[in-house]
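What follows is a single structure, written as structure tokens, with notes after it.
In my numbering, the protein residues as written are -18 to 179.
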């Protein structure tokens, strides 16, 4: 209950500053990438309950001759890379926080396809609401192996507290400004999770 109140308070305080940035970013996405401005995708939340994640779009819809989407590296635009590096693409997810589907801090919501692939221990990351940022994000982000990343998510579940959330939020600012760990080594975005050991 305290965590939820903390989330709402911070988001409401930040809204007057965030709304102009949201508007300008939406206009820029429309100009440089096109419509739709928002990327929507089902993601598992607390207890695996699926919700619709909202982010600013960073990729085109380019497809090959067979109609299949081109690789991420080819669809990710220069402006899209800037959005991801600056984390501006995540701003629409504040609506998910207001709706109670996400928290400011928690394990990042991953793909629904990954749900059956987690070990029982890794699946405990869904014991809490997913977050805009989390312990794994401030300790390596996409530079981490999947096993390390998911272990950090579970560590957060076991040690979560308001003070840890505040610490993670401050650490996130440094991570975003330093633009470290935005993509996995050798990948335009992040590698797929294929189960424990991947």
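Think of the CB as a built atom: it goes at the ideal place given N, C-alpha and C, for glycine as much as any other residue.
Exercise for the section: Could you spell out the range, first to last residue, of the alpha helix (DSSP H) harbouring residue 6? Expected result: -17 to 13
Practice task
Tell me whether residue 153 sits in a helix, a strand or coil according to DSSP, three-state version.
Solution key: helix
Problem - Segments assigned beta strand (DSSP E), at least 3 residues, entirely inside the segment 53 to 109 - result: 84 to 86
Practice task
Please say whether residue 35 and residue 76 have beta carbons closer to each other than 7 Å?
Solution key: yes
Exercise for the section: Starting from the Cα of residue 4, find the closest Cα among -9, -6, 85, 18 and give me that residue. Expected result: 18
Handout entry: Cβ-Cβ distance between residue 20 and residue 44 below 7 Å
Key = no
Handout entry: N- and C-terminal bounds of the beta strand (DSSP E) containing residue 35
Key = 31 to 37
Problem - Reduced DSSP secondary structure (H/G/I, E/B, other) of residue 51 - result: coil
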